[in-house]
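If you're matching positions, the sequence shown starts at 1 in the UniProt record's numbering and goes up one per residue.
The beta carbon of each residue, even a glycine, is placed where N, CA and C say it ideally should be.
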Amino acid sequence: MKILFDLLTIQSVSGDEGGVSKFLLEYIQKRQKHWKVRPIIYSGEEFHDCILLKFGKPSTALFAHMDTIGFMTRYENQLIPVGGPEYIDGAFLVGKDSLGDIRCRLKVEDDQLFHDFPRAIDRGTYLSFEQNVRLDEESIQAAYLDNRLGVFTALKVCETLEDGWVIFSTYEEHGGGSMPFLLRFIQENYPIQQALIADITWVTEGVRPHEGVVISLRDKYIPRKKFLNRILDLAEKSEIPFQLEVEAYGGSDGREVQFSSYAIDWCFVGAAEENVHSPDEKVSLLDLNSMIEMHQYLMKNL
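Here it is as structure tokens:
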């Protein structure tokens with residue numbers, strides 16, 4: 001779990017993913033010699049902060065976004081949200097501007113957002129919830145589990161993967177934007193027919209902790225039924241705990257796969273969390289383990 005704890009310490013609000021990207025590249029360079037197959041690595045300014053790993057002869061891609069929700073400073077101590085963070089009056093926020101480190105509280109006044117830092121903060125500074133990782137025998141609780149658990153899962157898939165793409169994307173929490181150029185690069189260089197999304201969903205009245213990874217039959221967007229049937233057949237054969245989700249709202253990088261100009265099937269597979277987009281996101285360790293195992297199994301057998 002050390003790699004996960006390290007990931008959870010790095011701020012990476014949408015549009016500012018450079019820190020996590022640098023950490024992942026260093027980790028990949030160090031660890032790839034221990035993986036079953038060494039991937040070809042694509043990164044750099046051509047891809048902004050995204051990272052693409054090509055293993056063998058891919059027909060399937062696994063996507064995990066690196067960014068998190070947060071806030072950006074405006075004028076007169078004002079804050080505006082990045083993505084959809086919970087507005088928790090008094091929650092601690094952290095960041096850094098040209099004058100140094102920042103730790104302040106979020107102030108919510110008549111649905112307007114402010115900070116209480118004793119000096120002006122540079123305009124456009126990113127702030128995010130202060131991290132406090134809590135781990136017990138059943139669950140992990142922290143900020144940024146969405147989507148550091150997806151990134152962690154993707155890294156675990158890399159250890160055993162022989163054929164496939166693993167892609168770390170950006171901007172997902174604030175409208176997307178990196179997927180179009182990532183998909184174009186993939187389809188022009190080594191095309192795929194199907195994609196898995198390693199991300200985090202919600203605990204609801206029909207999705208419970210400790211009952212396995214969630215396979216989403218739909219959120220706001222609807223994957224192709226024929227592909228979902230293949231996923232479900234494989235999930236049953238795997239004997240890995242899983243549960244099914246049917247929602248009317250929410251989205252992921254799967255949206256941009258579906259909206260692209262390419263005929264690529266997709267499915268969201270991820271653990272469910274409580275206290276979504278807060279400093280206290282909580283995920284069952286059983287569900288995290290089944291998320292990792294299911295992605296490893298599907299990437300091998302699709």
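Taking the continuous alpha helix (DSSP H) assigned at GLN296, which residues delimit it?
GLN296 -> alpha helix (DSSP H) spans 285-301.
Can you tell me where the beta strand (DSSP E) holding ASP101 begins and where it ends?
Counting along the chain, the beta strand (DSSP E) containing ASP101 begins and ends at 100-109.
Assigned exposure category for residue 374 - 16 Cβ within 10 Å defines buried:
The question about residue 374 has no answer here: the residues shown for the chain are numbered 1 through 302.
For residue 307, name the three-state secondary structure that DSSP assigns.
Residue coverage of the chain in this structure runs from 1 to 302, which leaves residue 307 outside it and unanswerable.
State the DSSP-derived secondary structure class of PHE259, mapped to helix, strand or coil.
Per DSSP, reduced to three states, the secondary structure at PHE259 is helical.
In or out: LYS220 buried (at least 16 other Cβ within 10 Å) or exposed?
LYS220 should be labelled exposed.
Quick check: the Cα distance between VAL283 and THR9, rounded to an integer number of angstroms?
Near 17 Å, if we compare the C-alpha coordinates of THR9 and VAL283.
Can the beta-carbon of SER169 be found closer than 8 Å to that of CYS267?
Going by beta carbons, SER169 and CYS267 fall outside the 8 Å limit.
Let's see if you can read the secondary structure: which residues bound the beta strand (DSSP E) around residue 346?
Since the displayed the chain opens at 1 and closes at 302, residue 346 lies outside it and no answer follows.
Are the CB atoms of HIS65 and ASP280 nearer to each other than 8 Å?
No Cβ-Cβ contact shorter than 8 Å links HIS65 with ASP280.
Which same chain residues, not among the five before or five after SER278, have their C-beta less than 6 Å away from its C-beta?
The residues GLU86, in chain order, have a CB closer than 6 Å to that of SER278 in the same chain once the five nearest residues on each side in sequence are set aside.
Going straight from the alpha carbon of LEU298 to that of ARG38, what length do you get?
CA-CA distance, LEU298 to ARG38, rounds to 20 Å.
How long is the line joining the alpha carbons of ALA11 and GLY250, rounded to whole angstroms?
What sits at residue 11 in the sequence shown is Gln, not Ala. When rounded, the distance between both Cα atoms is 23 Å.
Would THR73 and THR153 be called neighbours here (beta carbons separated by less than 8 Å)?
With respect to THR153, THR73 sits apart: the two C-beta atoms are not nearer than 8 Å.
Output the distance between the C-alpha atoms of ILE186 and LEU217, rounded to the nearest integer angstrom.
So the two alpha carbons sit approximately 25 Å from each other.
Would you list the one or two residues that DSSP bridges to PRO81?
As DSSP reads the structure, PRO81 sits in a beta bridge with PHE71.
Residue burial classification, ASN132 (beta-carbon count within 10 angstroms, cutoff 16)
Only exposed fits ASN132, as fewer than 16 other CB atoms lie within 10 angstroms of its CB.
Span of the beta strand (DSSP E) around TYR42:
Annotation for TYR42: the continuous beta strand (DSSP E) segment containing it runs 40-42.
Any 3 or more C-beta pairs closer than 8 Å across the stretch 22-33 and the stretch 99-117:
With a cut-off of 8 Å on Cβ pairs, the stretch 22-33 is not in contact with the stretch 99-117, counting fewer than three such pairs.
Looking only at C-alpha atoms, which of ASP6, VAL257, VAL13 sits nearest to LEU93?
Answer by Cα proximity: VAL13.
Quick check for students: name the residue ranges of the beta strand (DSSP E) that lie wholly in the stretch 137-204, counting only runs of 3 or more.
Segments of the beta strand (DSSP E) lying fully in the stretch 137-204: 139-142, 164-169, 194-198.
At what residues does the alpha helix (DSSP H) containing PHE227 begin and finish?
That run of the alpha helix (DSSP H) goes 225-238.
With 16 other CB atoms within 10 Å as the buried threshold, where does GLU17 fall?
Buried is the call here.
Nearest-angstrom Cα separation, counted from LEU302 out to residue 306
Outside the shown range of the chain, which is 1 to 302, sits residue 306, and nothing can be said about it.
Assuming SER128 is part of the beta strand (DSSP E), what are its boundary residues?
For SER128, the enclosing beta strand (DSSP E) covers residues 126-129.
Which of the three DSSP states, helix, strand or coil, is assigned to PHE23?
For PHE23, the secondary structure class from DSSP, reduced to helix, strand or coil, is helix.
Can you tell me whether DSSP reads LYS220 as helix, strand or coil?
For LYS220, the secondary structure class from DSSP, reduced to helix, strand or coil, is coil.
Compare the Cα-Cα distances from ILE200 to each of VAL276, PHE47, ASP136 and report the closest residue.
Considering only alpha carbons, the answer is VAL276.
Tell me, which residues are paired with LYS36 by DSSP?
LYS36 is not bridged to any residue.
Provide the residue(s) that pair with HIS65 in DSSP beta bridges, ordered along the chain.
DSSP, once it has assigned bridges, lists SER169 as partnering HIS65.
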